[in-house]
Structure formats: structure tokens, C-alpha cells
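> Chains A and B, in that order, give the protein sequences.
Start counting the first sequence at 1; every next residue gets the next number (the UniProt record's numbering).
Start counting the second sequence at 1; every next residue gets the next number (the UniProt record's numbering).
Just so it is clear, CB atoms sit at the ideal spot from N, CA and C, and this is done for glycine as well.
Let me give you the structure first, and then I'll get to my questions.
Protein chains: 2
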Amino acid sequence: MAPQVTVDSINPKVIECQYAVRGEIVILAQKLQQEIQAKPEAYPFQEILYCNIGNPQSLGQKSVTFFREVLALCDHPAILAKSETQALFSADSIERARKILDQIPGRATGAYSHSQGIKGLRDTIAAAIEARDGFPADPNDIFMTDGASPAVHMMMQLLIRSEKDGILCPIPQYPLYSASIALHGGTLVPYYLDEATGWGLEVSELKKQLQEAKSNGITVRALVVINPGNPTGQVLAEENQKAIVEFCKEEGLVLLADEVYQENVYVPEKKFHSFKKVARSMGYSEKDIHLVSFQSVSKGYYGECGKRGGYMEVTGFGADVREHIYKLASVNLCSNITGQILASLVMSPPKVGDKSYESYIAERDGILSSLARRAKTLEDAFNKLEGITCNKAEGAMYLFPRINLPKKAIKAAEEVKTAPDLFYCRRLLNETGIVFVPGSGFGQVPGTWHFRCTILPQEEKIPAIVTRLTDFHKRFMDEFRD
Amino acid sequence: MAPQVTVDSINPKVIECQYAVRGEIVILAQKLQQEIQAKPEAYPFQEILYCNIGNPQSLGQKSVTFFREVLALCDHPAILAKSETQALFSADSIERARKILDQIPGRATGAYSHSQGIKGLRDTIAAAIEARDGFPADPNDIFMTDGASPAVHMMMQLLIRSEKDGILCPIPQYPLYSASIALHGGTLVPYYLDEATGWGLEVSELKKQLQEAKSNGITVRALVVINPGNPTGQVLAEENQKAIVEFCKEEGLVLLADEVYQENVYVPEKKFHSFKKVARSMGYSEKDIHLVSFQSVSKGYYGECGKRGGYMEVTGFGADVREHIYKLASVNLCSNITGQILASLVMSPPKVGDKSYESYIAERDGILSSLARRAKTLEDAFNKLEGITCNKAEGAMYLFPRINLPKKAIKAAEEVKTAPDLFYCRRLLNETGIVFVPGSGFGQVPGTWHFRCTILPQEEKIPAIVTRLTDFHKRFMDEFRD
Numbered sequence: 001m002a003p004q005v006t007v008d009s010i011n012p013k014v015i016e017c018q019y020a021v022r023g024e025i026v027i028l029a030q031k032l033q034q035e036i037q038a039k040p041e042a043y044p045f046q047e048i049l050y051c052n053i054g055n056p057q058s059l060g061q062k063s064v065t066f067f068r069e070v071l072a073l074c075d076h077p078a079i080l081a082k083s084e085t086q087a088l089f090s091a092d093s094i095e096r097a098r099k100i101l102d103q104i105p106g107r108a109t110g111a112y113s114h115s116q117g118i119k120g121l122r123d124t125i126a127a128a129i130e131a132r133d134g135f136p137a138d139p140n141d142i143f144m145t146d147g148a149s150p151a152v153h154m155m156m157q158l159l160i161r162s163e164k165d166g167i168l169c170p171i172p173q174y175p176l177y178s179a180s181i182a183l184h185g186g187t188l189v190p191y192y193l194d195e196a197t198g199w200g201l202e203v204s205e206l207k208k209q210l211q212e213a214k215s216n217g218i219t220v221r222a223l224v225v226i227n228p229g230n231p232t233g234q235v236l237a238e239e240n241q242k243a244i245v246e247f248c249k250e251e252g253l254v255l256l257a258d259e260v261y262q263e264n265v266y267v268p269e270k271k272f273h274s275f276k277k278v279a280r281s282m283g284y285s286e287k288d289i290h291l292v293s294f295q296s297v298s299k300g301y302y303g304e305c306g307k308r309g310g311y312m313e314v315t316g317f318g319a320d321v322r323e324h325i326y327k328l329a330s331v332n333l334c335s336n337i338t339g340q341i342l343a344s345l346v347m348s349p350p351k352v353g354d355k356s357y358e359s360y361i362a363e364r365d366g367i368l369s370s371l372a373r374r375a376k377t378l379e380d381a382f383n384k385l386e387g388i389t390c391n392k393a394e395g396a397m398y399l400f401p402r403i404n405l406p407k408k409a410i411k412a413a414e415e416v417k418t419a420p421d422l423f424y425c426r427r428l429l430n431e432t433g434i435v436f437v438p439g440s441g442f443g444q445v446p447g448t449w450h451f452r453c454t455i456l457p458q459e460e461k462i463p464a465i466v467t468r469l470t471d472f473h474k475r476f477m478d479e480f481r482d
Numbered sequence: 001m002a003p004q005v006t007v008d009s010i011n012p013k014v015i016e017c018q019y020a021v022r023g024e025i026v027i028l029a030q031k032l033q034q035e036i037q038a039k040p041e042a043y044p045f046q047e048i049l050y051c052n053i054g055n056p057q058s059l060g061q062k063s064v065t066f067f068r069e070v071l072a073l074c075d076h077p078a079i080l081a082k083s084e085t086q087a088l089f090s091a092d093s094i095e096r097a098r099k100i101l102d103q104i105p106g107r108a109t110g111a112y113s114h115s116q117g118i119k120g121l122r123d124t125i126a127a128a129i130e131a132r133d134g135f136p137a138d139p140n141d142i143f144m145t146d147g148a149s150p151a152v153h154m155m156m157q158l159l160i161r162s163e164k165d166g167i168l169c170p171i172p173q174y175p176l177y178s179a180s181i182a183l184h185g186g187t188l189v190p191y192y193l194d195e196a197t198g199w200g201l202e203v204s205e206l207k208k209q210l211q212e213a214k215s216n217g218i219t220v221r222a223l224v225v226i227n228p229g230n231p232t233g234q235v236l237a238e239e240n241q242k243a244i245v246e247f248c249k250e251e252g253l254v255l256l257a258d259e260v261y262q263e264n265v266y267v268p269e270k271k272f273h274s275f276k277k278v279a280r281s282m283g284y285s286e287k288d289i290h291l292v293s294f295q296s297v298s299k300g301y302y303g304e305c306g307k308r309g310g311y312m313e314v315t316g317f318g319a320d321v322r323e324h325i326y327k328l329a330s331v332n333l334c335s336n337i338t339g340q341i342l343a344s345l346v347m348s349p350p351k352v353g354d355k356s357y358e359s360y361i362a363e364r365d366g367i368l369s370s371l372a373r374r375a376k377t378l379e380d381a382f383n384k385l386e387g388i389t390c391n392k393a394e395g396a397m398y399l400f401p402r403i404n405l406p407k408k409a410i411k412a413a414e415e416v417k418t419a420p421d422l423f424y425c426r427r428l429l430n431e432t433g434i435v436f437v438p439g440s441g442f443g444q445v446p447g448t449w450h451f452r453c454t455i456l457p458q459e460e461k462i463p464a465i466v467t468r469l470t471d472f473h474k475r476f477m478d479e480f481r482d
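Written out as C-alpha cells, the structure is:
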């Protein structure tokens with residue numbers, strides 16, 4: 001018998017799942033990159049500029065020295081006692097590595113840990129959350145994960161029973177959510193962020209969409225909020241967060257708070273507040289609201305995507321439900337220990353008085369202030385282009401400009417059976433090497449077109465990107481202007 | 001409204017899923033451990049002896065020096081050029097770290113990689129597979145994963161559409177398989193390993209179970225084979241493997257080959273053969289059979305469980321199906337880079353002539369020969385106990401002895417609403433601190449009782465374990481003998 005597995009016989013949920021951040025445009029970019037390597041004169045550009053994904057170190061951002069020193073020492077503790085090590089590593093990284101090793105049973109960084117993560121590291125993280133929020137955090141509420149993505153999948157797996165279960169998700173949204181809901185067979189209940197008010201999140205819109213879902217027989221189980229926003233870059237005001245908490249409490253919804261960009265706020269008038277802090281400050285305890293906060297080592301100023309560290313803080317669930325969350329974590333045994341150690345480090349970096357403190361602060365602030373400048377430069381550049389408007393990047397790592405495509409361009413896209421925003425991004429890539437992700441991968445108000453652009457290319461490359469983009473856009477508009 | 005998520009309203013697939021390796025007995029063990037820490041005289045033993053899980057480094061096994069040197073240097077490449085580094089690290093680990101860094105785009109170990117893993121590392125792994133098997137391996141067939149577990153989930157997610165899809169699994173089996181099938185809503189189609197012939201895998205049994213499943217309206221999609229076996233420790237003979245390949249080819253089944261114990265063979269008369277090598281040596285190509293091989297850095301002599309490295313080699317699927325497997329991998333972006341590097345190292349360790357070669361071989365052979373001795377000692381000890389018979393541990397890290405429980409013990413277990421094997425394991429734990437996993441967690445022929453015991457406690461502790469076990473067993477039998 002011939003092999004039986006064809007696209008017609010695999011799980012249709014897998015077929016339905018989409019993930020644009022590594023989708024068609026990126027596959028095309030990888031192809032072009034190979035062609036350029038083989039034949040440098042093949043295209044009118046020498047390199048692919050990946051603005052598709054929040055992957056800072058792939059674009060030249062350096063890792064933070066203190067973090068990497070501690071990781072290296074934990075990987076190979078045999079050198080801790082050697083005199084040469086004093087010359088190669090900072091005194092406080094040596095001290096921190098010893099402290100972390102003491103927290104690991106048997107100092108065994110190669111052993112599976114507790115399925116929620118090493119207890120001592122969870123203690124460190126809980127203390128850091130407590131210091132950040134001013135409200136208690138319990139290490140037993142922390143589930144350490146390989147980046148934030150597996151944590152999101154775990155919650156979707158827990159909550160979704162069938163296509164009759166819905167999850168309220170922002171549109172535009174980071175497509176991990178739509179992908180995970182599709183894979184688990186649930187229904188994405190969209191709520192639209194208001195572009196006109198800087199991607200505002202209106203509770204009236206949440207209520208409207210919830211009612212509509214209910215009238216369609218959908219049981220809405222949770223609300224996803226991404227703050228700071230991805231792909232939109234907005235930072236929620238505290239008053240707005242309070243209204244969201246109130247809504248979740250009233251409706252009995254789990255609040256799934258994607259807070260992985262908590263360190264990425266670029267405007268002085270905005271500040272990150274965790275949803276847990278907001279809920280507790282309103283007097284709501286575990287008894288009042290189910291709340292899950294996701295954090296990752298991939299974002300912030302550290303950008304350690306490849307290390308796959310992260311955690312979720314799970315509050316408000318009964319002990320019996322918690323046992324099932326624990327069981328889900330235990331089926332994969334534990335998250336990687338290097339990522340666990342790094343998650344404890346980013347939540348508890350060097351402090352005033354530590355040997356590394358000043359060099360650490362210089363690295364951190366250098367990265368964050370550069371990101372703020374890059375965000376502003378790109379935002380200004382987009383707003384100068386004909387037919388493009390771009391909200392402020394208050395936070396996160398992205399801009400999500402809107403492009404008012406000429407009818408002629410839309411028609412040309414339709415002729416090649418392509419979404420108009422994909423048509424634009426494909427042309428941009430082919431002519432300039434710049435990789436944006438079409439807005440359709442994130443969702444957008446029907447009839448509007450956008451793309452997501454990261455603010456991550458190194459600062460010295462930004463002017464060239466702006467020039468190439470501006471020239472391309474002018475040519476594109478000259479060709480298609482109505 | 002009060003929070004809405006209760007055990008009655010979560011995904012029933014999550015409730016159905018079981019994972020005994022970290023189940024009730026282990027939770028009890030953790031509780032006892034805390035009690036002993038608080039009050040050392042609380043129990044007649046001073047430490048918990050974890051024989052429940054293949055987690056070598058948690059029991060004192062040392063990591064392999066060369067591997068850890070390379071990981072440390074890749075974590076903190078800034079020290080590569082320093083003179084002190086020459087004194088701390090072997091010359092070939094420095095060279096290997098440089099080579100690996102050169103294979104990583106931008107030398108960025110903190111960046112997300114290609115969703116299948118870093119291409120250069122996949123080249124290394126494919127070359128190692130080719131050297132092992134004598135047949136070509138393609139780096140594009142390698143999907144690097146955070147240990148083998150996510151790879152298994154990915155294949156189950158791909159293949160299972162509903163409870164009408166079945167997966168043939170050995171009984172006893174490693175409960176990752178039953179857990180993953182339950183989570184993805186499929187049907188586990190059991191086939192029994194024959195304890196009387198050393199856990200033999202008979203194709204006649206596969207055929208019988210396949211027919212029975214078909215007659216129940218189940219579409220069987222894949223066959224799971226664990227070789228060397230977990231929890232059974234048997235190593236399949238090549239002739240047997242050929243018959244299994246033939247069966248999968250004839251029936252159009254995907255062969256899911258769990259080969260994570262490929263380095264763990266302890267008897268001279270048996271040798272590990274990969275299923276890919278067996279299939280290719282029979283003249284079967286990609287066109288003839290769907291074959292997936294799972295490998296992990298957690299097992300072998302390296303035992304790097306906490307690093308969560310692994311890969312699957314996926315052959316025989318069409319390009320369109322492969323695209324969907326790639327998409328599933330891309331939704332989680334990539335596996336952790338430390339694990340990826342380690343996977344390349346365990347598949348390509350130091351070679352003759354390398355500076356570290358001799359010390360590496362000494363470490364490797366020291367661990368493997370000790371494991372062989374421990375397996376034999378424990379096997380002999382079990383076989384001396386009244387009512388216990390234990391097959392030879394030819395490979396892997398486990399023994400799965402059968403215990404002929406007295407009727408009185410079975411009745412006592414029933415009275416406390418407990419499976420008899422769990423009853424035995426709980427008593428053993430409470431009286432000796434030894435942690436075994438009851439056979440019911442792995443599956444067993446109804447009416448028979450077993451437990452799984454790892455061979456991993458350090459060699460100097462084995463005599464005490466044997467004594468405590470023997471004394472306990474004698475007391476137990478004296479109490480319950482019919």
C-alpha cells in the first residue's frame with residue numbers, strides 16, 4: 001500500500017492554522033537571500049532587511065553581558081573555582097551563578113526540574129513581581145515555559161472544549177493567538193482596536209462583540225489583551241485597564257494578559273502597569289477574577305529569543321483546576337533550564353552597588369533609548385509617505401501603518417489572486433529586500449490595509465531603509481495612483 | 001459574576017490525559033521530602049530515592065565536560081579570544097564553539113533560528129545519521145525540538161482528526177504517548193508486548209489489533225515503536241524490525257520510531273539499528289514508507305534532560321504535508337538554541353585525535369558501563385524476591401518487573417480504592433523512601449501487576465536500595481502472603 005498521509009487526510013485544524021510572521025513573505029525572503037548569496041547581482045540590493053519579526057539579536061543587537069556571564073558559568077560550573085575565571089567574569093556574575101546553582105537540587109543544570117520550574121528561581125521571579133507591582137506574588141503561581149508561546153497554548157488547551165468556546169482577541173492581533181485557537185478547535189471572537197484613537201481598546205466594543213458571540217451560541221471563556229500592543233505598539237492607560245478588569249470580572253472571563261513587552265515603553269507619558277497590579281489595586285483578589293500574565297525573555301531590552309525562556313503567573317483558579325494545569329506542564333516534563341535561569345535574571349538584574357550595575361544600566365538604557373529613536377524615525381518616515389498614516393509606537397517593537405491603496409493597485413492584486421497588502425509587501429521585498437508582514441496576517445477592519453514593521457534594524461541602517469522604502473513607495477504610487 | 005472556570009468546564013481531553021511518571025506517587029514523594037527536611041526523624045529514612053524517572057543528573061550523574069565547555073563558550077563568546085580561556089577550556093571545545101558560532105547567522109545565539117533549527121547544526125546531525133546508518137540523511141528532514149516530547153505532540157496533532165483516528169501503541173508504553181493521544185482527542189490502539197519472550201514485539205499481535213480497531217471503525221494512522229523499550233528495556237532484533245517496517249508499508253501506517261535510547265544498549269548480543277537504516281536496507285525509499293525518528297539529548301550517556309534538546313527526522317511525506325509540519329514548528333518559532341547546539345554535539349562528539357577525545361571516551365564509557373552493572377544488579381535483586389520476575393534490561397534506563405501480588409494484598413488495595421500496584425508502590429515509598437511508578441501508569445495485561453524502576457541511582461547507592469527493597473518486600477509478603 002502506498003503511504004497514506006496526504007493534505008486531504010491530516011488534521012483540518014492544522015490546515016486552518018495560519019502564522020503569517022513566518023509565512024509566505026518570509027519564505028520568499030529566505031529564497032531571495034539564497035539567490036543573492038549565489039549571485040550577488042541578482043537583485044538591486046545586497047541584503048534582506050528582516051523587519052518581519054521581533055528578533056533583535058538576529059539584527060545585531062548585543063546580548064546583555066551580565067546575563068550571558070551567569071549562563072556560561074551555570075553551564076560549566078567546574079570553572080567557578082578557577083583563578084582565571086576571576087579575570088574573565090565579573091565578581092557579581094560569579095556570585096549570582098553560585099547562588100543559582102545552590103537553588104538547583106544537586107546543582108544539576110542538566111536535570112529535569114519541577115514541572116513549574118526550579119523553585120528557587122520561581123521565588124526570585126515572585127519577589128520581582130511583588131517589587132514591580134506592590135502586591136504579593138506566590139512562587140507556586142509561576143509556571144516557567146519555553147518562551148511565552150507554550151504558555152498560551154497551555155491555556156487555550158485548558159479552556160477550549162469545542163468550536164462553541166470562544167476567545168475574545170484584539171484585531172489586529174499577534175497571530176500566535178489565532179493559530180493557537182485554530183489548533184485547539186475554538187472560535188476567535190474578534191474585538192477591534194480603534195485605529196483613530198491610537199489603537200484604543202474600548203470596553204463598549206468588548207461588550208458588543210461578547211453579546212454578538214453569545215447570540216451565535218458561543219460561550220466566551222477568556223479575553224486576550226496584549227499590552228504593550230503587538231502589532232499595534234499602543235500602551236494602555238491605567239483607567240482603561242481598570243475598565244477591562246471590571247468587564248472580565250462581571251462576565252466571568254479569564255483575562256489572558258500578554259505582558260511580554262512590559263519593558264518596552266518609549267514615551268514619557270505612558271507607563272506599564274501589570275493587570276494583576278491593576279486588579280489588586282481595585283480590591284479584587286483571586287476570588288474575584290481569573291488572571292494569567294505571560295512574560296518572556298525574548299522581548300524587553302534583552303531580546304533573548306533563542307533562549308526560549310518565559311513564564312506565566314496563574315491566579316484565581318481553584319486548586320483542582322490548578323492540578324490540571326500542572327499536569328499539562330508535567331507531560332512535557334519542564335522548560336529548558338537555561339531559559340529558566342535567564343527568566344530569573346531578567347526579572348532580577350544587577351542592583352545598585354553590584355559590580356556590574358553601571359555597565360548593565362549602560363547596556364540596557366543604550367538599547368531602550370535607541371529603540372525609542374528608531375520607533376520615532378520610522379513613524380515619521382511612514383507619515384511622510386503618500387496615503388500612509390501611522391500611529392505612534394508607544395511601546396513594544398512594532399509599527400502598524402495603514403496604507404490607503406489606490407483602486408488600481410487593489411485591482412492589480414486581485415488579478416493575481418493576492419490580498420492587496422500582500423501584493424504591496426511582495427513588491428517591496430522584491431524591489432528593496434525589506435521584509436514587512438501584511439496586515440491580513442494580524443487581522444484588520446475589512447477594506448483597510450496595513451503592514452507590520454519592526455523597529456529593530458540597527459540604528460545605522462534606518463536611514464537606508466527609509467530611503468529605500470520612500471523611493472519604492474513613490475514608484476509604486478506613480479504606477480498605481482488613481 | 002464569580003469566576004467561571006471549574007473542573008466541570010475545562011477541556012475534558014485535559015481531564016482524561018494522565019501522566020504517571022510525575023503523577024500521584026511523585027507528588028507524595030515531594031511531600032515526604034519536605035517533611036523530612038523540616039523534621040529528619042519523621043520517617044525511617046533520610047532521603048527520597050527517585051527511581052521514577054529517567055533523569056540521570058538529578059541523581060548525581062555528571063555532565064560530559066566537552067559538551068558543557070562548548071555550551072559555556074557559545075553562551076558567552078566574548079571570552080573566546082581571551083588568553084585565560086585557553087587555561088580553562090580544552091582546545092577542541094574552543095575550536096568547536098567557534099565553528100558552531102560561524103554556523104549561526106550573525107553568531108547570534110540569542111536570536112530565533114529557522115523554525116526547524118539552525119541549518120549548520122542540522123547539517124552536522126544529518127552527517128552523523130548518515131555515518132551511523134550508512135544511508136543518506138537530509139538536513140531539511142530534521143526538525144529540532146525542545147526534547148522529544150514536543151516532536152511527538154506535533155506528529156499527533158498532525159495525524160489525529162477525531163476519536164475515529166487511532167495510533168497503535170505498545171503496552172506497556174511510555175505515557176507521553178497515551179497523554180498526547182488523549183490531548184489530541186484520538187484513540188490509543190494497544191498492542192501488547194510479550195513479557196514471556198522478553199517483551200517481544202510480535203507482528204501477529206500488531207495485525208490482530210489493527211483488524212480489531214478497523215472493525216470498530218477506527219482508522220489507524222500510525223504505529224509507535226519504542227526501541228530500546230521504555231518502560232521495558234528490550235532491544236529489538238533487526239529481523240523483528242524488518243517485519244515491523246514491512247507491516248507499516250503494507251498497511252500504509254506512519255512509523256513513529258522513538259529512538260531516544262539509541263546509545264543505551266547494555267548487552268553484547270544486541271545492537272541498536274535505526275528504523276530508517278532497516279527500511280533503507282530493505283530497499284524501501286521515501287516513496288514506500290512514512291517514517292519519523294525521535295531523538296533527544298536527555299537520554300544516552302549524556303542525560304542532559306534539563307537542556308531540552310532533541311530532533312525528529314521526518315521522511316516519506318509529500319512536500320505539501322511537510323509545509324504543514326513546518327507551519328506547526330513555526331507557530332512556536334524555534335526550539336531553544338542551547339538545546340540545538342547540544343543536540344549537534346551528542347550526535348557529533350569528539351573524534352580520535354581531538355584533544356578531548358580520551359577524556360570524553362573515559363566519561364562516556366564510565367557512565368555506560370556503570371549503567372550496565374546497575375541494570376544487572378537490580379535485575380538480579382528483583383528476581384530474588386518472592387513473587388517477582390524481571391526481564392533483562394538490554395537497554396534504555398528501566399526495569400519493569402512483574403509482581404505476583406497475593407490475593408490478600410489485592411483485597412487490601414481494593415478496600416482503600418487503590419490499584420494494587422499503586423498500593424504496593426505507596427507502601428514502598430512510605431516505608432523506604434524509594435519511588436517506583438506503578439505499572440498501571442504504563443499499561444499492562446489486565447490482571448497482571450508491575451512497576452517501573454530506573455537503573456539511575458548512583459552505583460554506591462544501589463546496595464542500600466537493594467537491602468531496603470528486599471527488607472520491605474519481605475515484610476510486605478509476610479503481612480499479605482495468602
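Which stretch, first to last residue, makes up the alpha helix (DSSP H) that contains residue 258 (chain A)?
Element bounds for residue 258 (chain A): not the alpha helix (DSSP H) but the beta strand (DSSP E), 254-258.
> DSSP state of residue 6 (chain A), grouped into three classes?
coil
> Tell me which residues of the segment 312-326 of chain A have at least one Cβ-Cβ distance to chain B shorter than 7 Å, keeping chain order.
316, 317, 318, 320, 321 and 324
> To the nearest angstrom, how far is it from the Cα of residue 285 (chain A) to the Cα of residue 10 (chain B)?
22 Å
> Determine the chain A residues that contact residue 160 (chain B) at a beta-carbon separation under 9 Å, and present them in chain order.
11
> Mind pulling the beta strand (DSSP E) runs of 3 or more residues that sit fully within the segment 201-268 of chain A?
Whole beta strand (DSSP E) segments, 3+ residues: 219-226 and 254-258.
> Does residue 71 (chain B) have its Cβ less than 8 Å from a Cβ in chain A?
yes
> Could you check the C-alpha separation between residue 368 (chain A) and residue 65 (chain A) for me, to the nearest Å?
16 Å
> With a floor of 4 residues, list each alpha helix (DSSP H) that falls wholly inside the segment 87-166 of chain B, ordered by position along the chain.
91-103, 119-133 and 149-159
> In its own chain, which residues sit with a C-beta less than 6 Å from the C-beta of residue 265 (chain B), not counting the 5 before and 5 after it?
235, 272 and 395
> Taking 7 Å as the cut-off, does the CB of residue 176 (chain B) come closer than this to any heavy atom belonging to the ligand GDP?
In the structure shown, the ligand GDP is absent, as is every other ligand, since no ligand is present at all.
> For residue 243 (chain B), which residues of its own chain have a beta-carbon under 6 Å away from its beta-carbon, when the five flanking residues on both sides are left out?
Counting only Cβ-Cβ distances below 6 Å, and skipping sequence neighbours, we find 203.
> On the three-state DSSP scale, how would you describe residue 178 (chain B)?
helix
> Check whether the segment 30-41 of chain B touches the segment 417-429 of chain A, taking contact to mean three or more Cβ pairs, one atom from each stretch, closer than 8 Å.
The segment 30-41 of chain B is not in contact with the segment 417-429 of chain A.
> Name the one or two DSSP bridge partners that residue 294 (chain A) has.
DSSP output for residue 294 (chain A) lists A:258 and A:312 as bridge partner(s).
> For residue 400 (chain B), name the three-state secondary structure that DSSP assigns.
For residue 400 (chain B), the secondary structure class from DSSP, reduced to helix, strand or coil, is coil.
> Under 8 Å, with one C-beta from each stretch per pair, do the segment 116-136 of chain A and the segment 70-79 of chain B reach the 3-pair mark?
no
> Closest Cβ-Cβ distance between residue 119 (chain A) and chain B: below 8 Å?
So no, residue 119 (chain A) is outside the interface.
> So, residue 393 (chain B) versus residue 233 (chain B), is the Cβ gap smaller than 8 Å?
yes
> Quick check: the segment 130-147 of chain A against the segment 313-324 of chain B, are at least 3 beta-carbon pairs closer than 8 Å?
no
> Label residue 160 (chain A) either buried or exposed according to how many other C-beta atoms from any shown protein chain fall within 10 Å of its C-beta, with 16 as the threshold for buried.
buried
> At a Cβ cut of 9 Å, what residues of the segment 250-264 of chain B count as close to chain A, listed as they run along the chain?
250, 251, 252, 253 and 254
> Determine, for residue 52 (chain B), whether the minimum Cβ-Cβ distance to residues of chain A falls below 8 Å.
no
> Find the nearest neighbour of residue 44 (chain B) within the set B:427, B:16 and B:308, judged by alpha-carbon distance.
Ranking B:427, B:16 and B:308 by Cα distance to residue 44 (chain B) puts B:427 first.
> On a Cα-Cα basis, can you pick out the residue from B:74, B:38 and B:27 that is closest to residue 53 (chain B)?
Cα-wise, what sits closest to residue 53 (chain B) is B:27.
> Out of A:433, A:442 and A:479, state which residue places its alpha-carbon closest to the alpha-carbon of residue 466 (chain A).
A:433
> Are the C-beta of residue 140 (chain B) and some C-beta of chain A separated by less than 8 Å?
no
> Residue 371 (chain B): which of B:18, B:46, B:455 and B:274 sits nearest, CA to CA?
When each option's Cα is compared against that of residue 371 (chain B), the closest is B:455.
> So which residues on chain A does residue 68 (chain B) lean against when the C-beta distance must stay under 9 Å?
75, 76, 77, 78, 109 and 110
> On the three-pair Cβ rule with 8 Å, is the segment 211-222 of chain B touching the segment 347-361 of chain A?
no
> Would you call the segment 331-339 of chain A in contact with the segment 101-120 of chain A, where contact means no fewer than 3 C-beta pairs closer than 8 Å?
yes
> With three or more beta-carbon pairs closer than 8 Å as the criterion, would you say the segment 149-166 of chain B touches the segment 298-313 of chain B?
yes
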